[in-house]
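Novice:
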Amino acid sequence: MRVLKLTSTLMLLMLILIGVSSCSNEDENIGNIPSQLIKTWYMGEGTYITFNADGTGVYTETDEISTAKLMRRTDTRTTDTYSFTYSYEESTQTLTIHIDGDVMRWTIVTLTDDTLKIKDEEGELITLKKNATSEPDIDITLLYNTWISETQDIYTFNNDGNGTYKAKEETSANDITYEYDEANKLLTLHRVNGKVVRWTILSLTNDTLKVKDNDGQELTLTVYTNTAWIELLYGKWGIAGQTIMEFTNREGNKLFTLHEVEEMEPYTVPFKYDAYNRIYFFENENWSGGFWQVKQVTQDILSIDVFSSDGENLTKESSMTLFRIPEPDELVVGDESLLYGDEWTSFDLGDGTPMVCQFRQNFSDVIWTEDGESMTFNYTYNTDSHKLTLTGGGETVVFTITKLTDRIMYLESIDEDGEIQYMEFRKL
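Numbering follows our numbering, in which position 156 of the sequence shown is assigned residue number 139; successive positions increment by one, without gaps.
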């Protein structure tokens, strides 16, 4: 498959991705927050908002999103929970809320122990009540993740009641089991040493878990993200020295570029990643609902699955594996002896299927394996022109080796339309 066809597919997938962003707080000073504000308020129609004393909060929708007053988007979940940060300006009685990439400002009109009246930026008056109904349920599915505590202990909760626990001073994790009492929001952990830990869940979002332990102490855990893979992601990726895409981090700005191919200008958008090794793109003022799932990233290869979203369902569109473009990428063809020895590996650009070949000098043939099936081709190699000719099954294919080192081999061939096709193999 040609590089040009793959790139056109990538551009189409990029244009249909839509989505969600994370919240951040630009204000360092949270202000002198009124003590009466620090509680959970009911906004009506299944919507709750909690203001914590440390300038953080939780926004929860327990009904259809179309009824919500703060978040305006479509979703199908019964309960959606979002973290936010906020600050308070006493002189103007203004709350500045940073949520999901947006900044919202509310002016407090009335604040008592039981009632909060605010005016939003559009001048709409909204009344919130304390304990108008029972507090929203915890969406326990958000627990199924890996969490790290303030003391660097790491907990993993699977969806089957099992998990792991790793103390900061330990070198490996131990198994745990757990159960959740929904009525009391009680999470009970059983460790292998017989110790039982009970946590009352105070709040649970996509990235923050707040609990009260056996001793009544409040603990905050955040989603644990292994960022080693993201450092490997940065760089140029493509095939046989032809750059298809590039990930960069420029002074904290994470950018993705689809490079110029077939007279298209380079296309650059911001990107972000999550704890599940997923990449989201920011286009048309939105974060993508679809994503790229990074299956593997090393110094040599990047393997991804591409998922699109229609707002309700995820669809796997394609898979691909690309090679890291060396920097500098010198097109040097080494000695023929470099062909021999270990196997060479490449990947089908359409679906990521691995292809393996091994040159056997004594037999002047190549064993080619793909989809579990092996084929044998005779070959000749011209050391002057670097022409590699494969013959088998009554067909002959001629490649030009444009780069050959102890680990990397670039190949070019001309198809029936006179267009160049590229292949790359590496000794992985």
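Cβ atoms here follow ideal geometry from the backbone N, Cα and C, with glycine treated the same way. If you're wondering where the values come from, they're calculated on a predicted model, not measured in any experiment.
Alpha carbons only, please: which of Arg409, Tyr364, Thr385 and Asp158 is nearest the one belonging to Tyr138?
Specialist: The shortest C-alpha separation from Tyr138 is found at Asp158.
Novice: Considering only DSSP beta bridges, list what Met358 is partnered with.
Specialist: Note: Met358 sits in a beta bridge opposite Trp351.
Novice: In its own chain, which residues sit with a C-beta less than 7 Å from the C-beta of Trp212, not counting the 5 before and 5 after it?
Specialist: The residues are Asn260, Val277 and Val280.
Novice: Could you pull the DSSP bridge partners for Val180 from this structure?
Specialist: Its beta-bridge partners are Leu172.
Novice: Span of the alpha helix (DSSP H) holding Leu216?
Specialist: From DSSP, the alpha helix (DSSP H) with Leu216 extends over Ala211 to Leu216.
Novice: On the CB-based measure, 16 or more other CB atoms within 10 Å of its CB, does Val349 come out buried or exposed?
Specialist: Buried, because 16 or more other Cβ atoms sit within 10 Å of the Cβ of Val349.
Novice: Which partner residues does Arg420 have in the DSSP bridge list?
Specialist: Any answer about residue 420 is impossible in this case: the structure gives the chain only from -16 up to 411.
Novice: Looking only at C-alpha atoms, which of Tyr393, Leu185 and Glu162 sits nearest to Arg174?
Specialist: Per the Cα distances, Glu162.
Novice: Going straight from the alpha carbon of Asp367 to that of Asn361, what length do you get?
Specialist: Distance between the alpha carbons of Asp367 and Asn361: 19 Å.
Novice: Determine the DSSP secondary structure at Ile284, reduced to helix, strand or coil.
Specialist: In the structure shown, Ile284 sits in a strand (DSSP, three-state: E or B).
Novice: Is there at least one Cβ from chain D nearer than 8 Å to Val289's Cβ?
Specialist: Looking for chain D here will not work: only one protein chain is present.
Novice: What three-state label does DSSP hand Ile21 in the structure shown?
Specialist: Residue state, collapsed to three classes: coil.
Novice: Report the CB separation of Thr90 from Thr75 in whole angstroms; it is logged as a contact under 8 Å.
Specialist: Indeed, because the Cβ distance is near 7 Å, the residues count as touching under 8 Å.
Novice: When the Cα atoms are used, what is the spatial distance from Glu402 to Glu395?
Specialist: Going by the C-alpha atoms only, they are around 10 Å apart.
Novice: Quick one: what's Val92 bridged to in DSSP?
Specialist: Paired residues: none, contrary to the question.
Novice: Just how far apart, CA to CA, sit Arg55 and Ile82?
Specialist: At Arg55 the pLDDT is 29, less than 50, meaning the model places this residue with poor confidence; the figure from the coordinates comes in the next sentence. Each residue's Cα considered, the two are about 12 Å apart.
Novice: Is the CB-CB distance between His369 and Thr383 below 8 Å?
Specialist: Cβ atoms of His369 and Thr383: closer than 8 Å.
Novice: Helix, strand or coil for Ile123, going by three-state DSSP, please let me know.
Specialist: Residue state, collapsed to three classes: helix.
Novice: Bridge partners for Glu378 per DSSP, in chain order?
Specialist: Paired residues: Gly375.
Novice: Excluding the 5 residues preceding and the 5 following Gly377 in the sequence, name in chain order all residues of the same chain whose CB lies nearer than 7 Å to its CB.
Specialist: Closer than 7 Å at Cβ, skipping near neighbours: no residue.
Novice: Please classify Lys219 as buried or exposed, where buried requires at least 16 other C-beta atoms within 10 Å of its C-beta.
Specialist: Buried.
Novice: Helix, strand or coil for Glu310 per DSSP?
Specialist: DSSP places Glu310 in coil when its eight states are reduced to three.
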